[in-house]
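Participant: There's a structure below that I have some questions on.
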Amino acid sequence: MEPFLSLSNVSKHYAGVTALKQVDFEINPGEIHCLVGENGSGKSTLIKIISGTVHPDPGAEIKIAGEVVHGAQAIDAIHKGIQIIYQDLSLFPNLTVAENIALSQVVASRSHVVRWKTLDRIAREAMARIKVHLPLDALVGEISLAEQQLVAICRAFTSDVRLLIMDEPTASLTRKEVDALLSVVQEMQARDIATIFVSHKLDEVLRVADRVTVLRDGHKVGTYPSGELNDEKLTQLMTGKTVTYVPYTPPQSPETQEPVLEVRDLSKRGYFKNVSFQLYPGEIVGLTGLLGSGRTELALALFGVHQPDSGETLFKGRPVRFRSILEAMRNGLGYVPEDRLTQGLVMNQAVGKNITLTILDSLRNSAKLLDPRKVQESIQRWVKDLAIKVPSVESPVQTLSGGNQQRVVLAKWIATNPKVLILDGPTIGIDIAAKFAIHEIIRELAHRGLAILLISDEIPEVLQNTNRLLVMHKGYVAGEFVSSQTSVKDVQELIDHQDQ
Ligand SMILES: Nc1ncnc2c1ncn2[C@@H]1O[C@H](COP(=O)(O)OP(=O)(O)OP(=O)(O)O)[C@@H](O)[C@H]1O
Ligand SMILES: [Mg+2]
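When we follow our numbering, the leftmost residue of the sequence shown carries the number 176, and every step to the right adds one.
Structure, rendered in structure tokens:
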């Protein structure tokens, strides 16, 4: 069988960085091929070269359906039936869902009059193909990240696709949505549509892939039939090391102290209702539940972004109602948001500047001027502690790989030295070795007395790294578990049960 796409000798150098080095890659018609590797290993770069948005260094050869492609432009790739969903989704926030889905199709048809009905029909057909329902008239900027991801996927399905490339498509989807997406991918396979899938969720990779290509530091380690791989082996190939997992042992009985954060009957209409819990110093409490269960809205309310309608929040024993992020921060509350690419960072600013943005006041000398030595020390420390892979702290954040951007967000907030830290999906899109590293950091912070609220979809992640776990459903706290005495199945059953 002739491969649908084959690349050979692909290299890409950026100033000071080798993103890819002499990589060969091929994908057959109808094949599901997963691309894995640690953050910054070159996955997105390879994909951008396939789509023609990034040009490889001279000497590379790219063939699509047996034909050599010279200086491939993005438009050529599209005409040859290659569609890409980027890590940052590339949607237009101020257009509607229907417009975002149908726009490229309408543009391609060169039709001058765009009828609302046509847009609506194209969007509905695409949604039907992957069996999702989205509010077509809503502005994309106003829907959730998971819904935005589905919009990007629907958009790819409006044309005749031969190869669909997805860069971390499931990063912020819940289990159910992931299942739905993966079954679409398998359906496509039956129609001979190939898929390249980038993901850090190895169980997912092994579940769907025919073959897996592993990248490490811009080199190709190899391509393997997925039947020859398991979690451990894959991790080993990616990192070159054996990673062993150590279960979390919480510091003993934090309940002897006063809770640092206490929430009593907190409600906000349409989002969450009668939520009560306590968070003690040195404790990690998990918060999980399906998308739309109110987790993020609750976190935002605690952080002063939304105002609750009723109920009470006590911080260090005193009732508080933060009116703004700044006020919450000044009082010792930190919040790492869910949407790493838009909420946390100033993309065109240097890594160092992003990290120190929130702590500038603590880096001033007695004359209130910034102390350059303190600034540099602080930046170096965080880059080292979080193992942020970056050629220089002066590099703009937008040149970092997705997972390294996420580490910058974390560094920025941990550097504020908060009393309570709310982490919303802190390891979404982060490779497995880095994920362990971040779990270690979270545990270490708790041991130092910080109280942490860890929001995550990944039940194993919350169970393995928390003292207690709260499960939210439709705005209520549907259950509470002691993590060390609970299995993934216990939590899953509670969620599935609520869902019926
Ligand atoms: N425009 C750019 N300028 C400079 N360096 C870049 C640029 N784009 C990517 N890089 C560098 O190339 C390397 C590979 O990045 P790439 O985005 O391909 O990684 P990735 O495997 O997709 O990682 P992740 O899992 O974190 O998304 C990184 O070191 C990154 O910093
Ligand atoms: Mg990437």
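Just so it is clear, CB atoms sit at the ideal spot from N, CA and C, and this is done for glycine as well. Fair warning: this is a prediction, and the values are worked out from it, not measured in the lab.
1) Look at the Cβ atom of D599, then the Cβ atom of T463, and state whether they are nearer than 7 Å.
2) Run the proximity test for G577: is its beta-carbon closer than 6 Å to any non-hydrogen atom belonging to ligand 2?
3) Using only alpha-carbon positions, find the residue among A542, G527 and P566 that is nearest to E586.
4) State the DSSP-derived secondary structure class of N640, mapped to helix, strand or coil.
5) Output the distance between the C-alpha atoms of S401 and E206, rounded to the nearest integer angstrom.
6) What is the DSSP secondary structure of Q453, counted as helix, strand or coil?
7) For ligand 1, is there a heavy atom less than 6 Å away from the beta-carbon of V383?
8) Taking the DSSP output, what are the residues bridged to T388?
9) Under the rule that 16 or more other beta-carbon atoms within 10 Å means buried, what is S567, buried or exposed?
10) Compare the C-alpha of N523 against each of Y455, Q555 and Q573 and name the closest.
11) Can L390 and S226 be called in contact, C-beta distance under 7 Å?
12) Nearest by alpha-carbon distance to I605: which of D199, V211 and I202 is it?
13) For K292, is the beta carbon positioned less than 6 Å from some heavy atom of ligand 2?
14) Would you identify the three-state DSSP class for G471, choosing helix, strand or coil?
15) For I459 and F656, I'd like the C-alpha separation in whole angstroms.
16) Can the beta-carbon of P593 be found less than 7 Å from the beta-carbon of G509?
17) With 16 other CB atoms within 10 Å as the buried threshold, where does Y189 fall?
18) Please classify I605: does DSSP put it in a helix, a strand, or coil?
19) Taking a contact to mean a Cβ-Cβ separation below 7 Å, would you say D378 touches K443 in this structure?
20) With 16 as the cutoff for other CB atoms within 10 Å, does P344 come out buried or exposed?
21) With respect to the beta strand (DSSP E) encompassing T463, which residues constitute its N-terminal and C-terminal limits?
22) Any heavy atom of ligand 1 within a distance shorter than 6 Å of the CB on K376?
23) Using the beta-carbon count (16 or more within 10 Å), is H648 buried or exposed?
24) Measuring CB to CB, does F447 end up less than 7 Å from G650?
25) So does K137 have its beta carbon nearer than 6 Å to some heavy atom of ligand 2?
26) Where DSSP assigns a beta bridge to E202, which residues make up the other side?
27) Is the closest heavy atom of ligand 1 to the C-beta of G212 under 6 Å?
28) So which of V584, Q364, I224 and Q197 has the shortest CA-CA distance to H208?
29) Can you name, in chain order, every residue of its own chain whose Cβ lies under 7 Å from the Cβ of N579, other than the five neighbours on each side?
30) Should F267 go down as buried or exposed, given a rule of 16 or more other Cβ atoms within 10 Å for buried?
31) By how many angstroms is the C-alpha of E433 removed from the C-alpha of R493?
32) Measuring from the CB of V558, is there a heavy atom of ligand 1 at a distance below 6 Å?
33) Out of curiosity, what's the CA-to-CA distance linking T228 and S374?
34) Would you mind sorting V583 into buried or exposed? The rule is 16 or more other CB atoms within 10 Å of its CB.
35) In this structure, does DSSP put Q524 in helix, strand or coil?
36) Within 10 angstroms of the Cβ of A682, are there 16 or more other Cβ atoms? Answer buried if so, exposed if not.
Facilitator: The answer reads as follows:
1) Judged by beta-carbon spacing, T463 lies beyond the 7 Å limit of D599, meaning their Cβ atoms are not closer than that value.
2) Relative to ligand 2, G577 has its C-beta within less than 6 Å of a heavy atom.
3) It should be pointed out that residue 586 corresponds to Ala in this sequence rather than to Glu. Closest by alpha carbon: G527.
4) Correct three-state label for N640: helix.
5) Looking at the two C-alpha atoms, the distance is approximately 12 Å.
6) Of the three classes helix, strand and coil, the one that applies to Q453 here is strand, per DSSP.
7) No heavy atom of ligand 1 is found nearer than 6 Å to the CB of V383.
8) By DSSP's assignment, T388 forms a beta bridge with L210 and T398.
9) Looking at its Cβ environment, which holds fewer than 16 other Cβ atoms inside 10 Å, S567 is exposed.
10) The candidate whose alpha carbon is nearest that of N523 is Q573.
11) Going by C-beta atoms, L390 is not nearer than 7 Å to S226.
12) When D199, V211 and I202 are compared, the shortest CA-CA separation from I605 is found for V211.
13) Of the heavy atoms belonging to ligand 2, none sits nearer than 6 Å to the Cβ of K292.
14) A quick correction: the sequence has Thr, not Gly, at residue 471. Residue state for T471 is assigned as helix, using DSSP reduced to three classes.
15) One Cα belongs to I459, the other to F656, and the distance between them is close to 13 Å.
16) Yes, they are a contact pair.
17) Label assigned to Y189: exposed.
18) In the three-state DSSP reduction, I605 falls in the coil class, being neither helix nor strand.
19) K443 sits away from D378, with the two beta carbons spaced by 7 Å or more.
20) The residue in question, P344, is buried, as its Cβ has 16 or more Cβ neighbours within 10 Å.
21) I459 to G464 is the span of the beta strand (DSSP E), which, as asked, contains T463.
22) Because no heavy atom of ligand 1 lies under 6 Å away, the Cβ of K376 does not count as near it: no.
23) Counting C-beta atoms within 10 angstroms of its own C-beta, H648 has 16 or more neighbours from the protein chains shown and is therefore classed as buried.
24) Cβ distance < 7 Å, so F447 and G650 count as in contact.
25) Outside the modelled stretch of the chain, which goes from 176 to 675, sits residue 137, for which no answer is possible.
26) Looking at the sequence provided, one finds Ile at residue 202 rather than Glu. I202 pairs with L180.
27) Answer for G212: yes, Cβ within range of ligand 1.
28) Selected option, being the one with the closest Cα: Q364.
29) Closer than 7 Å at Cβ, skipping near neighbours: N214, G215, I563, K564 and V565.
30) Exposed, since its Cβ has fewer than 16 Cβ neighbours within 10 Å.
31) For R493 and E433, the distance between alpha carbons rounds to 11 Å.
32) For ligand 1, not one heavy atom lies less than 6 Å from the Cβ of V558.
33) Spanning the two alpha carbons is a distance of roughly 20 Å.
34) By the 10 Å Cβ count, V583 comes out buried.
35) The answer is coil: DSSP assigns Q524 none of H, G, I, E or B.
36) Residue 682 falls outside the range modelled here, since the chain spans only 176 to 675, and no answer is possible.
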